[in-house]
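Worksheet: the structure to be examined is printed underneath.
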Amino acid sequence: MISSINHYWVEGKCEQFFVISSPLLGKPEIVDLTELNVNQVRKKTIKLSGNKKNVWINIVFDTDVLKNTPAKLECFLNNISYLLKQGFNLRLLQQDNDFEDEIIKSNNLNYQKFLNLFEVRNKKEFKSNMLSENSMYEKFCKKIKSFTLWESNLIIQLSKYDNKKNNYAKLPKKPVKNH
Numbered sequence: 001m002i003s004s005i006n007h008y009w010v011e012g013k014c015e016q017f018f019v020i021s022s023p024l025l026g027k028p029e030i031v032d033l034t035e036l037n038v039n040q041v042r043k044k045t046i047k048l049s050g051n052k053k054n055v056w057i058n059i060v061f062d063t064d065v066l067k068n069t070p071a072k073l074e075c076f077l078n079n080i081s082y083l084l085k086q087g088f089n090l091r092l093l094q095q096d097n098d099f100e101d102e103i104i105k106s107n108n109l110n111y112q113k114f115l116n117l118f119e120v121r122n123k124k125e126f127k128s129n130m131l132s133e134n135s136m137y138e139k140f141c142k143k144i145k146s147f148t149l150w151e152s153n154l155i156i157q158l159s160k161y162d163n164k165k166n167n168y169a170k171l172p173k174k175p176v177k178n179h
């Protein structure tokens with residue numbers, strides 16, 4: 001059986017650090033599909049190793065910019081369309097507004113409980129603390145009993161890609177080592 005190759009295209013450092021610290025299979029890279037034109041995306045895909053049929057691009061993206069900036073939404077849609085036409089397998093991992101809001105929403109927290117759990121005064125402090133955290137994923141699992149992520153339904157503008165929507169629980173993970 002040929003195993004798949006997983007790439008994570010994330011919008012920011014928090015998401016990148018999260019993927020690195022988690023048991024997810026694959027390598028994260030900061031690639032914001034709202035900022036790149038199709039030619040720039042083509043250059044990124046040329047660097048991806050493996051047969052396209054075995055390559056999965058897991059796209060972690062925020063919705064705040066997509067909902068509020070039509071030009072960035074159009075750019076994102078053009079890039080998704082291009083990747084699919086090129087034969088890449090895609091998984092869309094949508095964040096409700098941003099990483100912090102997605103943690104809150106996916107785990108049924110309110111904003112105050114989120115702040116209390118992570119002992120921070122605001123989202124900016126949370127982000128700063130997480131970027132200095134060596135094991136972000138473990139910290140989330142300790143603080144939130146049944147931690148999950150990327151549960152949000154796709155925004156209406158992406159509804160034609162509902163079959164590409166995914167969440168943390170369904171993503172390929174590294175095998176658990178028995179000691």
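Per our numbering, the very first residue in the sequence shown carries number 1; after that it's consecutive. Just so you know, even glycine gets a beta-carbon here, dropped at the ideal spot from N, CA and C.
Sorry if obvious, but does the Cβ on residue 45 come closer than 6 Å to a heavy atom of the ligand SAH?
The ligand SAH is not among the ligands present in this structure, which contains no ligands whatsoever.
Since residue 89 is in the alpha helix (DSSP H), which residue starts that stretch and which ends it?
Counted from its first residue, the sequence shown places residue 89 at position 89. Looking at the DSSP string, residue 89 is not in any alpha helix (DSSP H); the run it does join, the beta strand (DSSP E), is 89-95.
Do residue 5 and residue 54 have their C-beta atoms within less than 7 Å of each other?
Numbered from its first residue, the sequence shown carries residue 5 at position 5. Numbered from its first residue, the sequence shown carries residue 54 at position 54. A distance below 7 Å separates the beta carbons of residue 5 and residue 54.
Count the C-beta pairs between the region 42-52 and the region 73-88 that are closer than 8 Å, then say yes if the count reaches three, no if not.
At 8 Å Cβ cutoff, the stretches touch.
Taking all protein chains shown into account, do 16 or more other C-beta atoms lie within 10 angstroms of the C-beta of residue 111, making it buried, or fewer, making it exposed?
Start at 1 with the first residue of the sequence shown, and residue 111 comes out as number 111. Answer is exposed; the Cβ neighbour count stays below 16.
Cut-off 6 Å between Cβ atoms - residues of its own chain near residue 8, not counting five sequence neighbours on either side:
Within the sequence shown, numbered from 1, the residue matching residue 8 stands at position 8. Excluding sequence neighbours, residue 8 sits near 19, 26, 28 and 58.
Give a yes or no on whether the C-beta atoms belonging to residue 60 and residue 10 are separated by under 7 Å.
The residue labelled residue 60 in the question sits at position 60 within the sequence shown. The residue labelled residue 10 in the question sits at position 10 within the sequence shown. Yes. Within cutoff.
Proximity winner among 139, 83, 107 and 170, relative to residue 146 (alpha-carbon distances):
In the sequence shown, the residue the question calls residue 146 occupies position 146. Relative to the Cα of residue 146, the nearest Cα in the group 139, 83, 107 and 170 belongs to 107.
Host alpha helix (DSSP H) of residue 64 (start-end)
What you label residue 64 is simply residue 64 of the sequence shown in a count that begins at 1. Note, residue 64: alpha helix (DSSP H), 64-68.
So the candidates are 157, 83 and 133; which of them puts its Cα closest to the Cα of residue 22?
The residue you call residue 22 lines up with position 22 of the sequence shown. Considering only alpha carbons, the answer is 133.
Under the three-state reduction of DSSP, which class applies to residue 29: helix, strand or coil?
Indexing the sequence shown from 1 puts residue 29 at position 29. Note: residue 29 maps to strand in three-state DSSP.
Using DSSP's beta-bridge definition, name the partner residues of residue 52.
Counting from one through the sequence shown, the residue named residue 52 turns up at place 52. Residue pairing by DSSP places residue 52 in no beta bridge whatsoever.
State the DSSP-derived secondary structure class of residue 117, mapped to helix, strand or coil.
Position 117 of the sequence shown, counted from the first residue, corresponds to residue 117. Looking at residue 117 - three-state DSSP - the assignment turns out to be helix.
Starting from the Cα of residue 118, find the closest Cα among 105, 131 and 139 and give me that residue.
Position 118 of the sequence shown holds residue 118. Comparing Cα-Cα distances from residue 118 to each of 105, 131 and 139, the minimum goes to 139.
Thinking C-alpha only, which one of 174, 93 and 97 is nearest residue 69?
Here the question's residue 69 lines up with position 69 in the sequence shown. Each of 174, 93 and 97 was checked against the Cα of residue 69, and the nearest Cα belongs to 97.
To the nearest angstrom, report how far apart residue 130 and residue 160 are at their CA atoms.
On the sequence shown, position 130 is the one that residue 130 refers to. On the sequence shown, position 160 is the one that residue 160 refers to. So the alpha carbons of these two residues sit roughly 34 Å apart.
What residues are listed by DSSP as bridge partners for residue 173?
By one-based count along the sequence shown, residue 173 stands at place 173. Its beta-bridge partners are 24.
Would you say residue 66 lies against chain E (beta-carbon separation less than 7 Å)?
The structure shown contains no chain E, having only a single protein chain.
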